[in-house]
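**Student:** Taken in order, these protein sequences are the chains called F and A.
So in the working numbering the end of the first sequence lands on 198, straight run, no missing numbers.
So in the working numbering the end of the second sequence lands on 1107, straight run, no missing numbers.
The beta carbon of each residue, even a glycine, is placed where N, CA and C say it ideally should be.
These numbers come from a predicted model, not from an experiment.
First the structure, then my questions, so here it is.
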Amino acid sequence: MPQRSMPSEISDTRSNASSDAALMERVAGGDAQAFRMLVERYLPRAHAVARRMLGSAAEAEDAVQEAFCRIWTHAAAFRAERAAFFTWAYRIIANACLDAMRRRTPAAEPVDDMAENLADPAPDAQSRHESLQVRQAVQALPPRQRLAVVLCYFEGMTNPEAAAAMDMNVKALEGLLVRARRSLRNRLDG
Amino acid sequence: MTINDDDDMNDETGMEKEDGLKAKLAAWRAVPPPVDLAARIAQRATALPQRKPWGTRILAAAERALTEWRYGLVYKLATLALCAAFGFAAGTYRAESVDIVALAFGAGAGESL
């Protein structure tokens, strides 16, 4: 069976699970310093998920901000024995992104503007072109398929972890991935 | 991870396709967040009140109501008034009815009637 390569950040996340739980206990007690540590730890990944889901930098920042506000206000609802913090946090971030997409009006659909291309960290024109193609292909996917691809392929989550973050069963997630892979291949190979 | 229901994932070609797709997707690198975003988020979020679970909130309110006499004074007075009203109604309902004529005879007034 094929194994997805795992970004180093996600393996760091798993090894941080116990300290995340301890930090969340402090956050639930109103400790702002502990919350700041959690934000610094998870912001790059949360931002990457939101950016890939929403496309625009401004919307991504808003969604991430909304997600972390929910984490702060609902900290007492987190149960370390039920789920790892990163799964719980990813679920909140995913929901914030899906909410942002639902709120969008057709006119507000992000376009591939100059700022977006300039912000692309790809080193040369060829890489930027490839990056743009992938971006357009992923952005063309329906929201839940896009979320499945972002979590499984870009964030390196396992299927059960991604399914938990998306609040669905593993079979349903695999169905989304199958359809998403077909669409992506059609767009990228065709 | 395991993928087992994709028709093209069960053979060597499927794995090659998967690797090819992964390589293509890797071209889209994540843009790092703005440097001050973490501080802005922390500042904005911690300014919001935290929601406590129902049980904790009820216990805290009950404890405060017992220790601070002014806390929830309207509710306390309303509860007291309600209890008084119930007590009065129950007392009225249970009180034996008085036969005025019998009482008058008992007092000797019957002779004059």
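If I follow the unbroken alpha helix (DSSP H) through F:Asp107, where does it start and stop?
**Tutor:** Counting from 1 along the first sequence, the entry for residue 107 of chain F is found at position 99. Unbroken alpha helix (DSSP H) run through F:Asp107: Phe93 to Arg111.
**Student:** At a Cβ threshold of 8 Å, is A:Trp1022 touching chain F?
**Tutor:** As a first step, residue 1022 of chain A must be located in the second sequence, where it is residue number 28. Yes, A:Trp1022 lies at the interface with chain F (some Cβ there is under 8 Å from its Cβ).
**Student:** Excluding the 5 residues flanking F:Pro168 on each side, which residues of the same chain have their C-beta closer than 8 Å to its C-beta?
**Tutor:** The sequence position of residue 168 of chain F within the first sequence is 160, counting from 1. For F:Pro168, the CB contacts under 8 Å within the same chain, skipping 5 residues up- and downstream, are Val178 in chain order.
**Student:** To the nearest angstrom, how far is the alpha carbon of A:Ala1101 from that of A:Thr1086?
**Tutor:** For this step, residue 1101 of chain A is matched to residue 107 along the second sequence. For this step, residue 1086 of chain A is matched to residue 92 along the second sequence. So the two alpha carbons sit approximately 25 Å from each other.
**Student:** For F:Val72, count neighbouring Cβ atoms within 10 angstroms of its own Cβ and tell me buried if that reaches 16, exposed if not.
**Tutor:** As a working note, residue 72 of chain F is residue 64 in the first sequence. Buried, because 16 or more other Cβ atoms sit within 10 Å of the Cβ of F:Val72.
**Student:** Output the boundary residues of the alpha helix (DSSP H) element that contains A:Thr1061.
**Tutor:** Position 67 of the second sequence, counted from the first residue, corresponds to residue 1061 of chain A. Segment Trp1048 to Thr1061, the alpha helix (DSSP H) holding A:Thr1061.
**Student:** Using 10 angstroms around the beta-carbon of F:Trp96, count the other beta-carbons present and answer buried if the total reaches 16, otherwise exposed.
**Tutor:** For the purposes of this step, residue 96 of chain F is taken as the residue at position 88 of the first sequence. Per the 10 Å Cβ criterion, buried.
**Student:** What whole-angstrom Cβ distance do F:Val35 and F:Ala75 have, given they're in contact under 8 Å?
**Tutor:** Locating residue 35 of chain F in the first sequence gives position 27, where the first residue counts as 1. Locating residue 75 of chain F in the first sequence gives position 67, where the first residue counts as 1. Contact flag wrong, Cβ pair sits at about 14 Å.
**Student:** If the cut-off is 9 Å on Cβ atoms, which residues from the stretch 146-159 of chain F count as contacting chain B, listed in chain order?
**Tutor:** Looking at the structure shown, chain B is missing, and the protein chains on hand are F and A.
**Student:** Cβ closer than 8 Å: which chain F residues qualify as neighbours of A:Ala1055?
**Tutor:** Here residue 1055 of chain A refers to the residue found at position 61 when the second sequence is read from its first residue. Neighbours of A:Ala1055 on chain F: none; closest Cβ ~16 Å, over 8 Å.
**Student:** Check the Cβ-Cβ distances between A:Ile1052 and every residue of chain F, and say whether any is below 8 Å.
**Tutor:** Within the second sequence, numbered from 1, the residue matching residue 1052 of chain A stands at position 58. With 8 Å as the cut-off, A:Ile1052 does not count as an interface residue toward chain F.
**Student:** Under 8 Å, do F:Thr81 and A:Arg1045 count as touching if we go by C-beta distance?
**Tutor:** Walking along the first sequence from the start, residue 81 of chain F turns up at place 73. Walking along the second sequence from the start, residue 1045 of chain A turns up at place 51. Yes, the Cβ-Cβ distance between F:Thr81 and A:Arg1045 is below 8 Å.
**Student:** Is the beta carbon of F:Leu155 sitting closer than 8 Å to the one on F:Ala102?
**Tutor:** The count along the first sequence starts at 1 and reaches residue 155 of chain F at position 147. The count along the first sequence starts at 1 and reaches residue 102 of chain F at position 94. Yes, these two residues count as a Cβ contact at 8 Å.
**Student:** So for F:Met61, helix, strand or coil by DSSP?
**Tutor:** Numbered from its first residue, the first sequence carries residue 61 of chain F at position 53. Note: F:Met61 maps to helix in three-state DSSP.
**Student:** Does the Cβ of F:Phe86 have 16 or more other Cβ atoms within 10 Å, making it buried, or fewer, making it exposed?
**Tutor:** Position 78 of the first sequence holds residue 86 of chain F. Within a 10 Å sphere around the beta-carbon of F:Phe86 sit 16 or more other beta-carbons, which makes this residue buried.
**Student:** Within 10 angstroms of its Cβ, does A:Ile1052 collect 16 or more other Cβ (buried), or is it exposed?
**Tutor:** Within the second sequence, numbered from 1, the residue matching residue 1052 of chain A stands at position 58. A:Ile1052 should be labelled exposed.
**Student:** With a CB to CB cut of under 8 Å and the five nearest residues on each side skipped, what residues in its chain are close to F:Leu149?
**Tutor:** Here the question's residue 149 of chain F lines up with position 141 in the first sequence. Cβ within range, chain order: Val157, Ala188, Ser191 and Leu192.
**Student:** A:Thr1040 touches chain F at which residues, Cβ-Cβ below 9 Å?
**Tutor:** Within the second sequence, numbered from 1, the residue matching residue 1040 of chain A stands at position 46. Chain F residues near A:Thr1040: Gly38, Ala40, Phe43, Arg44 and Trp80.
**Student:** Under 7 Å Cβ-Cβ, which residues of chain A neighbour F:Ala83?
**Tutor:** Taking the first sequence and counting its residues from 1, one reaches residue 83 of chain F at position 75. What F:Ala83 touches in chain A: Gln1044.
**Student:** Check A:Val1029 in the structure and name its three-state DSSP category.
**Tutor:** Taking the first residue of the second sequence as 1, we reach residue 1029 of chain A at position 35. Coil at A:Val1029, not helix or strand.
**Student:** Specify the secondary structure class of A:Ser1091 as computed by DSSP and reduced to three states.
**Tutor:** To locate residue 1091 of chain A, count along the second sequence from 1; it is residue 97. Residue state, collapsed to three classes: coil.
**Student:** In chain order, what residues of the same chain lie with their CB nearer than 7 Å to the CB of F:Ala29, ignoring the 5 residues before and after it?
**Tutor:** Counting from 1 along the first sequence, the entry for residue 29 of chain F is found at position 21. Cβ within range, chain order: Ala88 and Phe93.
**Student:** Can you pull the chain A neighbours of F:Leu196, defined as C-beta to C-beta under 7 Å?
**Tutor:** By 1-based counting over the first sequence, the position of residue 196 of chain F is 188. Lys1018, listed in chain order.
**Student:** How is F:Glu33 classed by DSSP in three states: helix, strand or coil?
**Tutor:** Working through the first sequence from its first residue, we reach residue 33 of chain F at position 25. In this structure, F:Glu33 counts as helix in the three-state DSSP scheme.
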